[in-house]
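In full-length UniProt numbering, the protein residues as written are 1 to 315.
Now the structure itself:
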């Protein structure tokens, strides 16, 4: 069992590019296969050489070479779950994160950062992806949970894209498609959309593991590390410290008040059955929470110290 557990992460790394590569190969063959066969008649030198090569090495070697080519191609076209298109899709599918986790994270960062000062340029000292490495060091079990969820997210998101391409090519290359072909196309696209949504959910759950690890004190947030390092190197005077954190506490209270107000306005819009207003306030809730979550993941969110307008949306 221990040997199997050690092999699983490596198998997860191979699974995604291999599956993605084969799906794209099938799609490309479906689109170009007939044309290629017509351009390579039975007696052509290229086709003869390929058949001779296959007969010489055997079917197993040909399948191995094809699998290796599919793996290489899949590794090249695999989409990173933190890429801008995936983040846009995540924001579109899930408009807002869990309010409880967001508020917990806000409160935790406020308390921890209150111990140190805020200095220009300290955000460059520790990269945001340092959280994964820290979690691996302190808790192998929790890191395995994060890695499994992230691998599942990567797999689902990346196989959904060629599935849609396969369905479109199947419909486009079928002459006079009947209702069965059209139904198969719709089913495959719907299945791909479901798999993609599941991948987005897995990706959010994997980030939730990191957030919970920070809240539980298993790992330090990079922002806290940066603040502590800069505070040790450039200590503030007592008056500067008090002025800085008075401003920070005011900002936190303002944001929490805005978040509470936005939730109240959205609830009122829901009760009045006003979808437009509810959607407007839901977007406002997402914007406010994103400003705080930027402290957790500064690489993919707006600047955390960006001050909002006093009244971003008139009541």
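For every residue, glycine included, the Cβ atom is placed at its ideal position computed from N, Cα and C. Just so you know, these numbers come straight off a predicted model, no measurement behind them.
- Secondary structure note for residue 210: its alpha helix (DSSP H) is the uninterrupted segment 179-215.
- The three-state secondary structure of residue 274, taken from DSSP, is coil.
- Closest in alpha carbon position to residue 217, among 284, 262, 134, is 134.
- Rounded to whole angstroms, the Cβ separation of residue 167 and residue 188 is 4 Å, and the two are in contact under 8 Å.
- Rounded to whole angstroms, the gap between the alpha carbons of residue 169 and residue 27 is 7 Å.
- For the 8 Å CB-CB criterion, residue 161 and residue 199 do not form a contact.
- Contact between residue 131 and residue 205 fails: their C-beta atoms lie close to 15 Å from each other, not under 8 Å.
- Of 70, 152, 54, 164, the smallest CA-CA separation from residue 190 is found for 164.
- Going by beta carbons, residue 202 and residue 277 fall outside the 8 Å limit.
- In the assembly as shown, residue 179 is an exposed residue. Its beta-carbon has fewer than 16 other beta-carbons within 10 Å.
- Secondary structure at residue 285: helix, using DSSP grouped into helix, strand and coil.
- Each residue's CA atom was taken as its position, placing residue 19 and residue 76 some 13 Å apart.
- Annotated as distal: residue 11 and residue 159, with beta-carbon spacing of 8 Å or more.
- Separation of residue 207 and residue 266 (C-alpha to C-alpha, rounded to the nearest whole angstrom) is 26 Å.
- When the five nearest sequence neighbours on each side are left out, the beta carbons in the same chain lying within less than 8 Å of the beta carbon of residue 78 are those of 16, 17, 20, 154, 158, in order along the chain.
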